[in-house]
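To start, the structure under review is shown below, and the notes come after it.
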Amino acid sequence: MTEQYLPEDTSQQEAPENTNLARRHFFKRLGMVGATGVAATAGAATVKAAAKVATKPSWGGANFMDAMGDFFQNHYTRMSDEDMTDALERIKRKAKRKFGVDISCEDTKPMPGTYFGYALNLSKCRGFRDCVEACVSENNQGRDSQVQYIRVLEMDEGDTNLEHSDHYYDPETVPKEGKYYMPIQCQQCDNPPCVKACPVRATWQDDDGIVVIDYNWCIGCRMCMSACPYWARHFNWTEPQIAAEDINPNTNYIGNRPRMKGVVEKCHFCTQRTRKGRQPACMEACPTGARVFGNLLDPNSEIRWILENKRVFRLKEELGTEPKFWYFTDEARART
Amino acid sequence: MKTFLAFVTDGMKVAVKGGPLYYIWMLLLLILIGITGWSYSQQWMYGMQITGMSDQVSWGFYIANFAFFVGIAAAGVLLTVPAYIFHRKDVKTLVIIGEAMALSAVIIAMGFVGVDIGRLDRAWHVIPGLGIFNWPNSMLAWDIVVLNGYLFLNLFIPMYILFKHYQGKQCIFHLSSL
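Chains as they are written, first to last, in numbering that gives the first Met the number 0: chain S, 0 to 335; chain Z, 0 to 177.
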């Protein structure tokens, strides 16, 4: 029953470069369903296991010329059109060598007149984690490293203290009696602390309000991770491994293209979809309709209706991060 | 300039001369450096998972050691300060040792930051002009400024003092005159 909610499914068992049976079983035993990091809670035993694991180093499919091209590649905002074309070609070549898959990769710019926000109905979320699964397969996260942008917190009824939450919940069926579920992902802050923390401006807020990362500029110092109060950012502790048939071939530069080890990544509101007028993968996958994504500048959008008619709140608003991610419930709005 | 080159070569000669115990010690240190190099090559090939850090614990032993050696480096200067503020002649003999300790400690501290970042090959991204240096917003940018400034000070002040000593001259200034 719970198996179907696992973000990593059986297909990862056939990952070509993945010879690490021992560790996978180790993690399975621990029941680390929603683990976001490699050695999340396992401690010293994991370190040992992890050191044994990698029998063969992976260079992310780069040959010498591509590695040189990557090395001298400039910052996203300083690249000319030819530079960008070269970079996209390199990404495609590397994916072909590493995964044996032909992917498309483009540079999606923000659409004019858009400013994206997200609203989530806590009354409707039932903790299925379908959004997590959809996100992982849409955004080409490493299956072995178990990077997941969305964490669904299991909270006690009548308690909003995040310290009491559990995101490794693994019952037979959800929702569990006396619990409610609160998915957390990048809140796309309007005053993002991660952007300030980055020493090289590898992450910035785009014109449509989405905080994006240039994976080729990130030096992997993880300052942004310690700056983020939402635990939205994830580091690639190892080379991300994905089975060839699990690759999403529709990628963009700033979003879901295959990442390399040693860089930080996070939810980018599925820029490869939303900048073309589509819904993000998590919203499309949600079976209960708890998720509402939309353009905040459009007065007729559903999200604007929610913000005007529902009692909404934002997470850790007192920190002044100005998230563009609102939570609401189906209770009637209080009238004065 | 000529005297400076002689000063450098003479300094090198002093550094590689010593008794058998000294060579054994040097060999031991070289072996330790070799082990470090091999360990880092492992981390480079397999990713930072071998450090045992995770998204939850993203700062580990590296940063703890970095903080420790920054403390040692600061202590090196604090050791030399009484010599100038209280005009203690007997402490002045410790100045060079204190500065040398600060210098080596700050190099080690920078090394720990270097192995802690995931993509050391992209370290050139922090060089202003060539890369993008997000100063004064980023805390790490401040760290880079402070560490490099401290490295510069600790490299050049003792070098100046030693060079004057090598020439048999008195230092023209000392810190209290600033």
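Here a beta-carbon is modelled for each residue, glycine too, at the ideal position from N, C-alpha and C.
- By the Cβ criterion, the region 238-250 of chain S is in contact with the region 135-145 of chain S, since at least three pairs of Cβ atoms, one from each stretch, lie closer than 8 Å.
- If you draw a straight line from the Cα of residue 229(S) to the Cα of residue 170(S), it comes to about 25 Å.
- When secondary structure is reduced to three states using DSSP, residue 292(S) falls in the strand class.
- In the structure shown, residue 156(S) falls within a coil segment according to DSSP collapsed to helix, strand and coil.
- Closest in alpha carbon position to residue 245(S), among 257(S), 218(S), 187(S) and 117(S), is 257(S).
- 45, 46, 47, 48, 49, 50, 51, 52, 53, 54, 55, 56, 57 and 58: these are the residues of the region 45-77 of chain Z whose beta carbon lies less than 9 Å from some beta carbon of chain S, given in chain order.
- For the set 114(Z), 165(Z), 103(Z) and 154(Z), the Cα lying nearest the Cα of residue 70(Z) is the one of 103(Z).
- The continuous stretches of alpha helix (DSSP H) do not include residue 181(S), which lies in the beta strand (DSSP E) extending over residues 178-183.
- Any Cβ of chain S closer than 7 Å to the Cβ of residue 140(Z) would place that residue at the interface, and such an atom is present.
- The region 174-259 of chain S is shown to contain whole alpha helix (DSSP H) runs of 4 or more residues at 192-196 and 222-226, in chain order.
- Between residue 183(S) and residue 232(S), the gap from beta carbon to beta carbon reaches 7 Å or more.
- Around the beta carbon of residue 22(Z), fewer than 16 other beta carbons sit within 10 angstroms, so the residue counts as exposed.
- Between residue 100(Z) and residue 75(Z), the C-beta spacing is below 7 Å.
- Within the same chain, 196, 197 and 198 come within 7 Å of residue 222(S) by CB-CB distance, once the 5 residues on both sides are set aside.
- If you ignore the 5 residues before and after residue 113(Z), its C-beta comes within less than 8 Å of the C-beta of 119 and 122, all in its own chain and listed in chain order.
- DSSP places residue 118(S) within a strand segment (E or B) once states are collapsed to three.
- Each residue's CA atom was taken as its position, placing residue 277(S) and residue 297(S) some 15 Å apart.
- Contact between residue 207(S) and residue 83(S) does not hold, since their C-beta atoms are separated by about 19 Å, which reaches or exceeds 8 Å.
- Its Cα nearest to that of residue 59(S), the residue 260(S) stands out among 316(S), 290(S), 260(S) and 292(S).
- Annotation: the continuous beta strand (DSSP E) that includes residue 324(S) extends over 324-327.
- Annotation for residue 145(Z): the continuous alpha helix (DSSP H) segment containing it runs 138-166.
- Closer than 7 Å to the CB of residue 126(Z) there is not a single CB belonging to chain S.
- About 5 Å separates the beta carbons of residue 105(Z) and residue 150(Z), which is inside the 8 Å limit, making them a contact pair.
- Between the alpha carbons of residue 328(S) and residue 310(S) lies a distance of about 7 Å.
- Assignment of beta-bridge partners to residue 10(Z) by DSSP yields no partner.
- One alpha carbon belongs to residue 101(S), the other to residue 212(S), and they sit about 23 Å apart.
- Contact between residue 65(S) and residue 93(S) holds, since their C-beta atoms are separated by about 6 Å, short of 8 Å.
- With respect to chain S, the C-beta atom of residue 17(Z) has no partner C-beta closer than 7 Å.
- Nearest CB-CB separation between residue 191(S) and chain Z: not below the 7 Å threshold.
- A straight line joining the alpha-carbon of residue 86(Z) with that of residue 79(Z) spans about 11 Å.
- Beta-bridge partners assigned by DSSP to residue 165(S): 153(S).
- Between residue 290(S) and chain Z, the shortest Cβ-Cβ separation is not below 7 Å.
- Restricting attention to 117(Z), 160(Z), 27(Z) and 97(Z), the CA atom closest to the CA of residue 72(Z) is found in 97(Z).
- Straight across, the Cα-Cα distance linking residue 155(S) with residue 63(Z) is about 36 Å.
- If you draw a straight line from the Cα of residue 134(S) to the Cα of residue 128(Z), it is about 37 Å long.
- Secondary-structure assignment with DSSP links residue 265(S) through a beta bridge to 232(S).
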